[in-house]
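Just so we're aligned, residue 27 is where the sequence shown starts under our numbering, counting upward by one.
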Amino acid sequence: MTLPGTRPTWLTFDCYGTLIQWDEGLLAAMDRILFSKGGDIDQRAFIGAYDRHEHALEEERPHRSFKQVSALALEKAMGEFGLSFEPEDAELLTSSIGKMPPFPEVVATLETLKAADFRLAIISNTDDAIIAGNVAQLGGHVDRVITAEEARAYKPTAKIFHYAWNSLGVGINDLLHICASPHLDLAAARELRFRTVWVDRGTDRKPLADYQPNEIVPTLDKVPAVLAAAGWM
């Protein structure tokens with residue numbers, strides 16, 4: 027496929043799973059938590075339960091911070107598996123998130139995109155304090171970080187994207203969104219009709235059956251070639 031429209035001013039990114047090694051970091055954090063509880067727990071089944079509760083809690087009102095959401099999701103998942111929950115478990119999880127590193131190719135790719143005169147922003151379902159540790163590892167190339175805490179809304183709702191675009195001073199024709207999450211970012215793109223590049227890192231996450239991203243790449247370092255093919259680099 028060829029990217030439609032004119033060259034965007036801003037490239038916006040999902041953070042966790044796109045720039046930052048979310049699955050790997052979450053597995054490591056959950057392993058530490060579950061090891062402390064003893065027993066033989068199916069880690070991926072446990073993470074599936076955690077994810078389900080997290081997304082449900084993000085839809086509830088009034089709005090909760092991600093720190094609150096992650097703690098409640100962890101407590102509910104532990105309850106499903108008959109595990110005792112302590113506040114220290116939630117603190118271990120949230121502190122681990124901010125330490126999760128970028129994928130190996132990310133910093134160099136962001137540098138390349140920045141050198142091509144794109145402005146770079148992150149739109150993320152998290153809190154300012156949590157993501158700060160991740161952004162600090164991105165080489166200083168990100169111009170703006172917009173969080174669910176700031177927008178008081180979580181993806182895939184339109185509210186967080188409209189808030190981000192208003193904050194950046196752009197419309198949907200002035201941006202391209204690069205993401206790895208089909209059921210959050212691509213679901214929003216289906217409804218709001220902004221342009222997307224999906225980073226398919228070979229996980230079990232697949233695009234919605236009724237939506238096709240404008241381009242698909244396996245890793246972030248393939249994005250510059252896609253932009254060059256569109257005549258934008």
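Ideal placement from N, C-alpha and C gives every residue a C-beta, glycine not left out.
Check	Outcome
Going by C-alpha distance, which of K248, T222 and R231 is nearest W36?	T222
Roughly how many angstroms separate the alpha carbons of W48 and W191, rounded to a whole number?	25 angstroms
Taking only three categories from DSSP, how would you classify W258?	coil
Name the residue from A251, A142 and G74 whose alpha carbon lies nearest to the alpha carbon of R231.	G74
Taking V168 and A147 to be in contact with their CB atoms under 8 angstroms, please state how far apart those CB atoms are, rounded to whole angstroms.	7 angstroms
Can you have a look at K181 and say buried or exposed, based on whether 16 or more other CB atoms are within 10 angstroms of its CB?	buried
Please report the residue range of the alpha helix (DSSP H) in which H203 lies.	From DSSP, H203 is part of no alpha helix (DSSP H) but of the beta strand (DSSP E) over L201 to C205.
Ignoring anything shorter than 3 residues, give me the beta strand (DSSP E) runs that lie fully in the region 163-241, in order along the chain.	170-173, 201-205 and 222-225
Which of the three DSSP states, helix, strand or coil, is assigned to I67?	coil
So if DSSP puts A147 in a beta bridge, which residue, or which two residues, is it bridged to?	T38 and R170
Since I believe L45 is in contact with V252 (beta carbons under 8 angstroms), could you give me their beta-carbon distance rounded to a whole number of angstroms?	16 angstroms between Cβ atoms; not a contact.
Per the DSSP calculation, P128 is bridged to which residue(s)?	I46
Between I198 and R227, is the Cβ-Cβ spacing less than 8 angstroms?	no
Are there three or more Cβ pairs, one per stretch, closer than 8 angstroms when the region 169-177 is compared with the region 136-150?	yes
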